[in-house]
Amino acid sequence: MSDQWLLALAMLLPVAGALGISLTGRWPNLRESITLVTAAAVGVVVINLYLRLQQGASITLKIAEPLPGLPVYFEIEPLGMLFALVAGLLWLVTSIYAIGYMRGHHETNQTRFYAMFAIAIGSAMGTAFAGNLFTLFLFYEILTISTYPLVAHAGTPEAKRGARTYLGILLGTSIGLQLFAILITYSITGTLDFREGGIVKDHLDPAWAGLLYALFIFGIGKAAVMPFHRWLPAAMVAPTPVSALLHAVAVVKAGVFTVLKVTLYIFGTDFITESGANDWIIWFAGATILLASLVAMTKDNLKARLAYSTVSQLSYIVLGATLATQSGILGGSLHIAMHAFAKITLFFAAGAILVAAHKTEISDMGGLGRAMPITFGAFLIGSLSIIGLPPFGGMWSKWYLGMGTIATGQWLLLGVLLISSLLNIAYLLPIPIRGFFGKAADGTTYSEIKEAPVSCLIAMIVTSLACLVLFFYPDPFYALASQAAGVK
Amino acid sequence: MIESHLSLLLVVIPLMAAPVTAVLPNGRLPWLFATIIAWTCFALAIWQFSLVAGGNVISYELGGWAPPWGIEYRIDIVNAFVALIVSGIAAITLPYALLSVEKEIPSKQLSLFYATFLLCLDGLLGITLTGDIFNLFVFLEISSLSSYVLISMGRHRRALTASFQYLIMGTIGATFFLIGVGLMYAETGSLNMADLSTRLPAILEHRTVHTAFAFIVVGVALKLAMFPLHVWLPNAYTYAPSAITVFLAATATKVAIYIMIRVVYTVFSTGFAQDTPTNDMFLILGIFGVLFASVYAIYQRDAKRLLAYSSVAQIGYMVLGIGFASAMGLMATTLHIFNHALMKGALFMAVGALVYRVGSSRIEDISGLGRQMPWTFAAIFIAGLSLIGVPGTAGFISKWYLVLAALEQGAWLIAIVILLGSLLAVIYLWKLVEALFFREATEPDGPIKEAPLLMLIPTWILVLANIYFGFNTELTISAAKTASAVLGQVTP
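Chains F and C, in that order, are what the protein sequence lines are. All residue numbers for the first sequence refer to my numbering, where the first residue is 20 and numbers rise by one. All residue numbers for the second sequence refer to my numbering, where the first residue is 7 and numbers rise by one.
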């Protein structure tokens with residue numbers, strides 16, 4: 020019973036927090052305390068859930084049955100736990116960061132911001148713990164809708180346009196393609212349960228498997244596989260904490276997490292390999308990795324560059340899933356965590372630069388690193404982890420993804436991964452290098468610019484240290500990822 | 007005692023109450039009286055539904071004349087369900103109506119207004135309950151004539167032309183229906199629907215029967231605003247008083263859908279619709295209805311008109327369900343009758359609240375109101391999600407079954423059309439949401455207050471019902487399932 024409560028709390032606490040936040044909007048300090056307390060509580064809850072899972076507990080929760088045989092049902096399993104752990108732990112860090120950022124940047128409508136943020140986290144938890152595809156889809160949609168006001172936060176024409184693209188593509192793909200795929204799956208199998216080895220195996224003609232799989236992969240627009248990636252750069256009009264946690268961690272990872280879930284528990288890796296469902300879809304993932312990296316190089320706006328970098332990194336995970344091998348799944352799952360810690364650091368740094376120096380374009384940042392050493396130091400660490408260099412956590416996931424391509428003999432894809440790493444170097448490293456060693460175009464020395472607010476710095480230091488620690492001690496995430504992939 | 011006359015009471019009470027309401031002095035008394043009557047009907051309808059929920063059939067012989075000679079009221083789960091919706095919506099609309107009607111209708115017409123409202127309710131209930139097809143025609147006319155009057159009471163002068171347009175189209179429809187009934191009577195000598203269904207199979211080859219069928223289907227199609235016979239609907243919904251738009255949008259076309267189901271499935275057999283091109287026609291017109299009406303909705307500049315076109319599209323979904331001629335398809339249609347009443351009721355109520363505050367439903371006039379009327383805006387938002395068919399709302403449930411019904415028959419194209427319709431709904435609803443929330447108010451003369459509680463509470467009851475019936479579908483799905491079984495013997 021208490022275990023079930025723990026599971027329910029993971030999803031209910033953020034919602035309760037959102038309620039508290041909207042009631043205390045008049046007293047900003049009290050409101051921020053509620054955010055922090057809720058975030059900390061959620062962190063404790065997910066850690067406890069993790070410990071219970073590792074003790075072998077099986078925790079399930081069923082709350083309603085809207086359609087006969089399709090309950091709203093939650094279940095703890097390694098992959099979802101991994102996602103929940105990442106999102107839950109990073110929420111606290113992001114909240115600390117957000118307080119400094121939102122106040123430093125004098126944003127308006129902060130109550131709405133914190134409340135919707137909490138609801139978005141709640142729905143990310145629901146996605147993580149969903150016990151069947153129907154529940155997963157339910158929370159996937161709630162996540163889309165609850166993040167819309169956050170993207171449109173500024174209320175400017177540009178923000179509205181971005182938010183419209185955001186919602187249009189995410190709702191469009193989910194209703195037009197994903198729901199269609201879910202309905203087809205249900206009409207041929209009569210169930211939407213997640214099962215080891217998949218559910219479509221005996222019901223689907225292998226010739227159609229590729230098409231259905233493609234409907235899923237493209238329908239899960241949050242995974243941002245090209246050509247359905249436009250929403251992610253569009254979402255960058257949101258305040259930086261949103262870009263950091265939601266559009267580098269919660270929302271996008273909900274997408275690739277769904278891809279992994281569908282691959283593992285709806286199709287089953289064996290069926291995908293036998294039917295060749297991944298034959299051509301895998302090239303979309305490969306192409307996205309390269310193309311998005313190339314586009315990232317052309318972007319001078321820092322957040323836009325990071326957004327395209329995210330698009331590229333997400334396809335690493337999709338690639339891992341579509342390889343449908345143990346090390347592919349392992350690497351993909353691990354990358355959910357590794358990329359999250361690294362990318363959130365980069366976004367934190369980008370936001371700090373915006374708050375402290377009011378700069379958004381990379382070409383304006385020459386010499387800025389000497390004025391903001393901590394921020395640019397954190398950015399450097401994050402970049403190195405994204406590139407996949409030791410001693411940073413990002414190395415492990417790329418390692419296993421590479422192993423996956425070798426195991427299936429996809430040498431070309433191995434090449435894609437290696438070239439992409441080089442591209443990562445080319446578009447990420449110049450930023451800190453320019454910051455530390457470059458000069459401003461007009462010759463200013465930025466003596467008047469100080470570091471970002473303390474809470475922003477704390478958040479950055481925590482996440483960049485995490486990147487380092489995860490190289491030496493990736494255990495919790497590795498354990499969960501290997502359980503999900505079925506590695507003994 | 008009451009139980010045995012239940013079905014009759016449902017028709018007699020509003021019929022008797024209407025003239026009483028008409029002679030009551032203007033003021034709030036007629037409203038109070040009409041509200042009590044509507045809630046009484048709702049209570050009786052719930053009772054009646056509980057009696058037939060298991061699949062029983064109540065047969066009531068009017069005046070003790072045995073069918074097929076006398077008029078029979080024949081209640082199975084299908085019409086009990088529809089009667090429940092009609093009386094429930096009437097009961098929730100009337101409390102809402104008080105304030106908006108006081109603002110939109112001249113005060114000396116109030117008692118007449120509520121009297122006509124009760125007549126309209128009576129007509130709709132009568133249609134659902136009667137088992138006699140000529141009697142059905144009579145009630146159809148009662149409800150139609152009273153709705154022409156109600157629509158013409160709208161405060162805009164164009165309400166008169168809208169009402170006149172509806173009058174012409176509606177009368178043509180009713181006439182077609184009557185011609186069909188007359189032809190059938192000439193062939194069989196019977197007007198009782200249950201009796202007709204046993205007599206007709208022997209003479210299905212007759213050309214007269216085919217003609218009768220064609221007349222009836224076209225006549226009813228006019229009343230239910232099936233694309234392309236829908237042209238009366240957008241004007242009627244746009245210019246009618248807000249409360250009337252709520253009531254008619256949630257009930258009138260649904261009852262017409264019920265007539266269509268009854269005629270096609272009970273009176274004529276399913277096989278007949280399959281042998282003739284009827285089902286194909288339903289499918290084709292349903293597809294066109296969904297697509298065209300949704301696209302029209304995107305280009306509307308008036309919120310009520312936008313929702314009216316969306317209604318035409320939603321009717322397209324219901325028509326599709328009929329056209330599938332399968333248990334699953336019928337179930338989807340029955341479910342959508344219920345769910346669409348909930349979502350459109352809530353949407354029109356919320357838009358009515360905007361009209362109450364600013365006196366117009368043109369999008370440029372209601373821009374920016376979302377921030378001043380957050381509860382009304384939230385109601386539009388949530389009911390809109392239900393209209394799109396987002397999971398966790400009632401709208402999702404009916405769409406789910408409709409797509410499954412399409413996939414079951416391998417109709418991939420139709421399944422795609424249904425989902426495409428949802429996407430178009432996203433576009434036109436988002437247009438509304440963005441105008442309400444993000445656009446600047448055009449007339450910044452003083453802050454506009456939130457809608458009065460008496461309007462908000464009924465709106466939110468329907469909004470919450472949209473969510474409740476998105477999670478707890480025990481009532482709706484079991485009712486729809488039994489209904490499709492009763493209509494039944496549907497060949498898959």
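Virtual Cβ for every residue (Gly too), placed ideally from N, Cα, C.
{"Query": "Let's test the definition: count the other Cβ atoms within 10 Å of the Cβ of T329(F) and tell me whether it reaches 16, buried, or not, exposed.", "Result": "buried"}
{"Query": "Taking the alpha-carbon positions, what's the M422(F) to S346(F) distance?", "Result": "6 Å"}
{"Query": "Tell me which residues share the same chain as L341(C) and place their Cβ nearer than 8 Å to its Cβ, disregarding the 5 neighbours each side in the sequence.", "Result": "I403, S404, Y407, T482, I483 and A486"}
{"Query": "Just reading off the alpha helix (DSSP H) that A272(C) is part of, what are its end residues?", "Result": "It should be pointed out that residue 272(C) corresponds to Thr in this sequence rather than to Ala. Run containing T272(C): none; DSSP gives neither H nor E here."}
{"Query": "Applying a beta-carbon distance threshold of less than 9 Å, which residues of chain F neighbour L375(C)?", "Result": "Here the premise fails: no neighbours, minimum Cβ distance about 15 Å."}
{"Query": "Ignore the nearest five residues each way along the sequence and tell me which others in G388(F)'s own chain have a CB closer than 7 Å to its CB.", "Result": "F395, P451, G454 and F455"}
{"Query": "Using a Cβ-Cβ cut-off of 6 Å (strictly less than) and excluding sequence neighbours within five positions of R311(C), which residues of its own chain qualify?", "Result": "P240 and T244"}
{"Query": "Cβ closer than 8 Å: which chain F residues qualify as neighbours of F444(C)?", "Result": "A171, G174 and K179"}
{"Query": "Just to confirm the assignment: which complete alpha helix (DSSP H) runs, minimum length 4, are found wholly within the segment 248-328 of chain F?", "Result": "250-253, 270-280, 288-294 and 300-317"}
{"Query": "Taking the alpha carbon of F61(C) as the reference point, which residue from D82(C), V155(C), G69(C) and A44(C) has its own alpha carbon closest?", "Result": "Contrary to the premise, residue 61(C) reads as Gly rather than Phe in this sequence. Taking only the C-alpha atoms, the option nearest G61(C) is D82(C)."}
{"Query": "According to DSSP, what are the bridge partners of N151(F)?", "Result": "D212(F)"}
{"Query": "Provide the residue(s) that pair with F93(F) in DSSP beta bridges, ordered along the chain.", "Result": "L80(F) and A149(F)"}
{"Query": "Can you tell which of C486(F), F213(F) and F398(F) has the C-alpha that lies nearest to the C-alpha of G412(F)?", "Result": "C486(F)"}
{"Query": "Mind checking which residues open and close the alpha helix (DSSP H) that includes I239(F)?", "Result": "Run containing I239(F): none; DSSP gives neither H nor E here."}
{"Query": "Touching or not, the segment 325-343 of chain F and the segment 288-308 of chain F, by the rule of three or more beta carbon pairs under 8 Å?", "Result": "yes"}
{"Query": "Buried or exposed for V473(F), going by 16 or more other Cβ atoms inside 10 Å?", "Result": "exposed"}
{"Query": "Which same chain residues, not among the five before or five after L50(C), have their C-beta less than 7 Å away from its C-beta?", "Result": "L12, L15 and L16"}
{"Query": "Considering only the alpha carbon of each residue, which of L408(F), V63(F), A267(F) and G434(F) lies closest to H358(F)?", "Result": "A267(F)"}
{"Query": "Anything in chain C within Cβ reach of A504(F), meaning under 9 Å, just list it in chain order.", "Result": "Result: empty, since nearest Cβ-Cβ is about 29 Å, beyond 9 Å."}
{"Query": "Mind checking if F156(F) is an interface residue toward chain C, Cβ cutoff 8 Å exclusive?", "Result": "yes"}
{"Query": "Measure the alpha-carbon distance for G395(C) versus N345(C) and round it to whole angstroms.", "Result": "10 Å"}
{"Query": "Note down, in chain order, every chain F residue with its Cβ under 9 Å from the Cβ of N478(C).", "Result": "A83, E84 and P85"}
{"Query": "Among C47(C), Y66(C) and Y102(C), which residue has its Cα nearest to the Cα of L131(C)?", "Result": "C47(C)"}
{"Query": "How is the alpha helix (DSSP H) around E147(C) delimited, first residue to last?", "Result": "I139 to S158"}
{"Query": "Whole angstroms is fine: what's the gap from V273(C)'s alpha carbon to E147(C)'s?", "Result": "20 Å"}
{"Query": "For F496(F), tell me which candidate among L42(F), G274(F), G99(F) and Q332(F) has the shortest Cα-Cα distance.", "Result": "G99(F)"}
{"Query": "Which residues, in order along the segment 195-214 of chain F, keep a beta-carbon less than 8 Å from a beta-carbon of chain C?", "Result": "G195, L198, F199, L202, I203, Y205 and S206"}
{"Query": "Pick out whichever of L420(F), G209(F), H172(F) and G107(F) has its Cα sitting closest to the Cα of A269(F).", "Result": "G107(F)"}
{"Query": "Determine whether the Cβ of I218(F) lies closer than 8 Å to any Cβ atom of chain C.", "Result": "no"}
{"Query": "With a cut-off of 8 Å on the beta carbons, I'd call Y185(F) and A143(F) a contact; round off their distance for me.", "Result": "Y185(F) to A143(F), Cβ: 16 Å. No contact."}
{"Query": "Taking the beta strand (DSSP E) that S13(C) falls in, what are its first and last residues?", "Result": "Not the beta strand (DSSP E): S13(C) falls in the alpha helix (DSSP H), residues L12 to V29."}
{"Query": "Residues of chain F with CB closer than 8 Å to the CB of E440(C), please, in chain order.", "Result": "K179 and R183"}
{"Query": "DSSP on S503(C), reduced to helix/strand/coil?", "Result": "Here chain C covers residues 7 to 498 and nothing more, so residue 503(C) does not appear."}
{"Query": "Measuring only the C-alpha atoms, how far is A208(C) from M190(C)?", "Result": "13 Å"}
{"Query": "What does G88(F) touch in chain C if you count any residue whose Cβ is under 7 Å from its own?", "Result": "Ordered by position in chain C, no residue passes the 7 Å Cβ test against G88(F), which lies about 11 Å from the chain."}
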